[in-house]
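Visitor:
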């Protein structure tokens, strides 16, 4: 794998700012695809932005009309949700 700078933003605003300001950023959600891609040297980002710790991206919210599932919500969390 190539060297890269690792960033773990705490908020969506911080992640958006990193995405705008950094050279050659790559967003990491779960890593199942990204890690093998890096190991095989198919990608060589200068900066990796890890989205795992940003609040709200794993929320499941519902009312009588709408269900909202955050982009980082795991399948098991959806299956276990009432």
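In our numbering, the protein residues as written are 183 to 264. From the three backbone atoms N, C-alpha and C, an ideal C-beta is built for every residue, glycine too. Remember, it's a predicted structure, so these values are computed and weren't measured experimentally.
#1: Between the C-alpha atoms of residue 230 and residue 251, what's the straight-line distance to the nearest angstrom?
#2: Could you please give the first and the last residue of the uninterrupted alpha helix (DSSP H) stretch that includes residue 185?
#3: Please state if the CB of residue 234 and the CB of residue 216 are separated by a distance shorter than 9 Å.
#4: Should residue 202 and residue 232 be called a contact, given that it needs their Cβ atoms to be closer than 9 Å?
#5: What residues in its chain sit with their C-beta under 7 Å from that of residue 207, if we drop five residues either side in the sequence?
#6: Using DSSP bridges, identify the partner residues of residue 243.
#7: Roughly how many angstroms lie between the CA atoms of residue 204 and residue 185, to the nearest whole one?
Guide: The answer reads as follows:
#1: 24 Å
#2: Segment: none, residue 185 is in no alpha helix (DSSP H) and carries neither H nor E.
#3: no
#4: no
#5: 200, 201, 227, 229, 231
#6: 250
#7: 15 Å
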